[in-house]
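**Q** If you're matching positions, the sequence shown starts at 846 in the numbering used here and goes up one per residue.
Where is the CB? At the ideal position from N, CA and C, for every residue including glycine.
It should be emphasised that the depicted structure is a prediction, and the values quoted were computed from it without experimental measurement.
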Amino acid sequence: MATICHLPSLAPIPKSPDPRRTRHIPAYLSQQNPCPSAIPAFRSSRTKATNSPSSTKVDGEAQKPNEESISIDNLRRFINLNLGKWNGTFFQFDACGNLLHKVSTKLAVSSYGEDELISLIQTLYIKQPPSSTSISGSEDELDWAEYKIKETNMFTVDKYQQLGFFPKERAFALRYQSAGMLETVLRQGVLGEDDTGEESPKNLKLPSRRPSIVCENCLYSSDKDLRARAFHILNPQGIIEMLVIFLEERGEAVPFLSLDSTMLLGDTNRIEPYLGNWIGHSVTKRSGVYGATIAEATTVASLEMSEKGQLIQDITSTSAGGEVTTNVHWTGIQSDNLVTFDGGYQMILLPGGMYMGCPCDVAKSVAESKSFHMEFCWLEAPGRRQRLVRTYDVEGLAIVVLSSTVTRILFRKETQNDVPLASMTRLVRQMVVEQTYSLRKRGDSTPGPNPPQREDVPPELKLFGGGGALRV
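(1) By DSSP, does Ala-1267 sit in helix, in strand, or in coil?
(2) Going by DSSP, what residues sit across from Met-1192 in a beta bridge?
(3) From the DSSP output, in three-state form, read off Asn-1295 for me.
(4) Around the C-beta of Gly-1037, are 16 or more other C-beta atoms found within 10 angstroms, so that it is buried, or is it exposed?
(5) By how many angstroms is the C-alpha of Ala-1165 removed from the C-alpha of His-1126?
(6) Helix, strand or coil for Ser-1214 per DSSP?
(7) Can you round the beta-carbon distance between Gly-1198 and Pro-1118 to whole angstroms, since I take them to be within the 8 Å contact cut?
(8) Would a C-beta distance cut-off of 8 Å place Ser-1248 and Phe-1011 closer than the cut-off?
(9) Excluding five sequence neighbours on each side, which residues of the same chain lie with their C-beta closer than 7 Å to the C-beta of Ile-917?
(10) Among Glu-1141, Gln-937, Cys-1060, which residue has its Cα nearest to the Cα of Leu-1049?
(11) Let me know the secondary structure DSSP gives Gln-1033 once reduced to three states.
(12) Which residue's Cα is closest to the Cα of Trp-931: Ser-1023, Gly-1025, Ala-1098?
(13) Look up Thr-1001 in the DSSP assignment and say whether it is helix, strand or coil.
(14) Between the alpha carbons of Arg-921 and Ile-963, how many angstroms are there, rounded?
(15) Can you round the beta-carbon distance between Pro-975 and Val-1035 to whole angstroms, since I take them to be within the 8 Å contact cut?
(16) Could you say which of Ile-1124, Val-1239, Ala-1016 lies nearest to Ala-1075 if we only look at CA atoms?
(17) Determine the DSSP secondary structure at Phe-1091, reduced to helix, strand or coil.
(18) Going by Cα to Cα distance, which pick from Phe-1217, Ala-1226, Val-1089, Ala-1018 is closest to Gly-1188?
(19) Less than 7 Å between C-beta atoms, sequence neighbours within five positions excluded: which residues of the same chain meet that for Ser-949?
(20) Cys-1060 by DSSP, collapsed to three states: which one?
(21) Check the C-beta distance from Val-1211 over to Gly-1083 and give it rounded, since I have them as a contact under 8 Å.
(22) So what does Ile-1078 bridge to, in DSSP terms?
(23) How many whole angstroms separate the CB atoms of Thr-1144 and Ile-1157, which I take to be in contact at a CB cut-off of 8 Å?
(24) If we call anything under 8 Å between Cβ atoms a contact, is Ile-1058 one with Val-1207?
(25) Let's test the definition: count the other Cβ atoms within 10 Å of the Cβ of Gln-1155 and tell me whether it reaches 16, buried, or not, exposed.
(26) So, are the CB atoms of Pro-1052 and Leu-1019 less than 8 Å apart?
(27) Glu-1220 and Met-1201 look like a contact to me (Cβ under 8 Å); what is the Cβ gap, rounded to whole Å?
(28) Roughly how many whole angstroms lie between the Cα atoms of Arg-1253 and Thr-1185?
(29) Find out if the Cβ-Cβ distance for the pair Ala-1146, Thr-1163 is shorter than 8 Å.
(30) Considering only the alpha carbon of each residue, which of Pro-1081, Ile-1078, Leu-1071 lies closest to Arg-1095?
(31) Which residue from Ser-1214, Lys-1209, Gln-1191, Glu-1213 puts its Cα closest to that of Cys-1203?
(32) Using the C-alpha atoms, what's the distance from Ala-1243 back to Arg-1235?
(33) Can you tell me where the beta strand (DSSP E) holding Thr-978 begins and where it ends?
(34) Between the C-alpha atoms of Ser-1045 and Gln-1033, what's the straight-line distance to the nearest angstrom?
(35) Between which residues of its own chain and Gln-1179 is the CB-CB distance below 7 Å, once the five residues before and five after are set aside?
(36) So, with DSSP's three-state summary, where would you put Ser-916?
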């Protein structure tokens, strides 16, 4: 299995749950190879993707002399981000965003070794339900199943997991080659000791034994010791099979978390928090522990609902140097928790201010020699959301990962209906210029001082802060 976790400061190996109440995983589960060499079932007949500029650039660049030291540093920072003891909750959703099961979990993370031999060690503890054969009076004793996750090191993180890591943003993406860990959580957390090992237990949906893709995207809260790890699981035919969220908080005695307690209740229309105008910054990196930054850009996005109920999404990205601007225009429709855009891309809306995006049919994208994307978005604070988008080539290989953080643009109620479109456009353009100037001046994503003078903007559009969003 691959990895999962984080946070700086090398913590000691945390104490595991009471060994008298810890049960080891049955042999038929623990012996599953977490990183088999099986290739995706929907492999293209082509030997290499030929229509992906990102793929060509990544494969064609020669290795730089200092890449070894850079990769060791990246791996060390990734391991430090994952260290500690995490209490959390595992949520399983179907392909339409409906909650199927939730299970309490604990994750103990430590490391050993130095330099290129450093490794990440993880042990997952899964709370088991009471057995149907439990002796009366023993209900208060909690049993935890123990699962050893395959260690992460310089070899596995590059060859198997295809790490996409953003140290500054505290975000990462991983590729798994089986869903054995997720199956174990479901079997032990839902069935517990009553699990007989049958392939398709009643009232429990398990992931395919040979999924075409298992993708993890992890985002951290910007102001709490909290993170969300999202898994896309696609069946051998390239269709989304289920979604999984681990919501975890680091600490010895933190409570187990519910998605409904993080940001938003799940009973409202889940699309509403994403509507409106947003501006922010994105970074694109190639996959692997050597992953270098390919591009940085300022992003302006809008998502609106028309009077006819059609969703309209526009995204404009301007490169850090200002030379390249790309525009993406999508239209789609919402049906309950599922948004389907023209072109076959879908957003599955989840509680807790989260959504996960992926193609409706990956196999179709592969057949048409098109790259495809797996996306996780978390509205982790009012007016601020983070996204990770992992791009795959037609061979099913992760090639690049994009990390984006955007802030909502709010207009004063008394003026928002009277602002000329030209003024709004000019303001947004000026904001892009300022952020681009800051990036070029400082060489990173931190806004720099002394931006260029603003264009003349009507007084009703002048900026003022507050509420976690950018107000104008």
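**A** To lay it out plainly:
(1) Because the pLDDT at Ala-1267 is just 48, under 50, the model does not fix this residue reliably, and the value given afterwards should be weighed accordingly. Helix.
(2) Met-1192 pairs with Val-1184, Gly-1202.
(3) Its pLDDT being 43, under 50, Asn-1295 is placed unreliably by the model, and nothing is read from it.
(4) That one is buried.
(5) The alpha-carbon atoms of His-1126 and Ala-1165 are separated by roughly 9 Å.
(6) Coil at Ser-1214, not helix or strand.
(7) At roughly 6 Å, the Cβ-Cβ gap stays under 8 Å, so Gly-1198 and Pro-1118 are in contact.
(8) In this structure, Phe-1011 lies closer than 8 Å to Ser-1248 by Cβ.
(9) The beta carbon of Ile-917 lies closer than 7 Å to those of Asp-960, Glu-961 in the same chain, with the five residues before and after it left out.
(10) With distances taken between Cα atoms, Leu-1049 lies closest to Gln-937.
(11) If DSSP states are grouped into helix, strand and coil, Gln-1033 belongs with the helices.
(12) For Trp-931, the nearest C-alpha among the options comes from Ala-1098.
(13) Judged by DSSP in its simplified three-state form, Thr-1001 adopts helix.
(14) A direct Cα-Cα distance of roughly 7 Å separates Arg-921 from Ile-963.
(15) That belief does not hold up - the Cβ atoms of Pro-975 and Val-1035 are roughly 12 Å apart, past 8 Å.
(16) Relative to Ala-1075, the option among Ile-1124, Val-1239, Ala-1016 whose CA is nearest is Ala-1016.
(17) Strand at Phe-1091.
(18) Taking the Cα of Gly-1188 as reference, the smallest distance to any Cα among Phe-1217, Ala-1226, Val-1089, Ala-1018 is reached at Phe-1217.
(19) Apart from the 5 residues on each side of it in sequence, Ser-949 sits with its Cβ closer than 7 Å to the Cβ of Thr-934, Lys-972, Phe-1101 in its chain, given in chain order.
(20) In the three-state DSSP reduction, Cys-1060 falls in the strand class (E or B).
(21) About 7 Å separates the two Cβ atoms, so the contact holds.
(22) Val-1059, Met-1087, per the DSSP bridge assignment.
(23) At roughly 17 Å, the Cβ-Cβ gap does not stay under 8 Å, so Thr-1144 and Ile-1157 are not in contact.
(24) Taking 8 Å as the Cβ cut-off, Ile-1058 and Val-1207 qualify as a contacting pair.
(25) Burial call: exposed.
(26) Between Pro-1052 and Leu-1019, the C-beta spacing is not below 8 Å.
(27) Between Glu-1220 and Met-1201 a beta carbon distance of about 7 Å is seen, short of the 8 Å cut, so the two are scored as contacting.
(28) Spanning the two alpha carbons is a distance of roughly 23 Å.
(29) Using a Cβ distance threshold of 8 Å, Ala-1146 and Thr-1163 do not count as a contacting pair.
(30) Among Pro-1081, Ile-1078, Leu-1071, the Cα nearest to that of Arg-1095 is on Leu-1071.
(31) Nearest neighbour of Cys-1203 by Cα position, chosen from Ser-1214, Lys-1209, Gln-1191, Glu-1213, turns out to be Gln-1191.
(32) The straight-line gap from Cα to Cα measures roughly 7 Å.
(33) Annotation: Thr-978 is outside any beta strand (DSSP E) and is labelled neither H nor E by DSSP.
(34) Distance between the alpha carbons of Ser-1045 and Gln-1033: 14 Å.
(35) Cβ neighbours of Gln-1179 beyond the five flanking positions: Ile-1116, Leu-1156.
(36) Here Ser-916 sits in helix by DSSP.
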